[in-house]
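Structure first, then comments.
In the numbering used here, the protein residues as written are 114 to 227.
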């Protein structure tokens, strides 16, 4: 099996494991997370998605780099989202639940893409 596909499988396994039982899992929350960092993380996932799609028909090295980029971008989103949960006031349980749901949906879309 080619290196690029192995790295893509590795990224998929890593992301799927981190998405399991989110946010009540081993994902470390970024204590400095903010709305801006979440937006930056989402942008990084979009860029990684474009890179991954382009790399699929390019070289194995490109696919390796794209897979690593996607894994890293998704891990940052999970950490920033989890860290931002502390920013929600106690009376904002619905908004907090939407943040968790949106993060899970984004992560599941990454899994589908890979």
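Glycine included, each C-beta is placed from N, C-alpha and C at the ideal position.
Would residue i be called buried (16 or more neighbouring beta carbons within 10 Å of its own) or exposed?
i, result
"residue 195", "buried"
"residue 212", "buried"
"residue 220", "buried"
"residue 187", "buried"
"residue 130", "exposed"
"residue 126", "exposed"
"residue 179", "buried"
"residue 117", "buried"
"residue 226", "exposed"
Relative to the alpha-carbon of residue i, which residue among the options has its alpha-carbon at the smallest distance?
i, options, result
"residue 215", "167, 155, 201 and 175", "155"
"residue 223", "115, 120 and 124", "124"
"residue 183", "116, 115 and 121", "121"
"residue 189", "176, 151, 204 and 200", "151"
"residue 132", "227, 226, 208 and 217", "217"
The segment 130-137 contacting the segment 159-170, beta-carbon criterion three pairs below 8 Å: The segment 130-137 vs the segment 159-170: no contact.
Quick check: the segment 181-201 against the segment 145-154, are there 3 or more CB pairs under 8 Å? Enough Cβ pairs lie closer than 8 Å, so yes.
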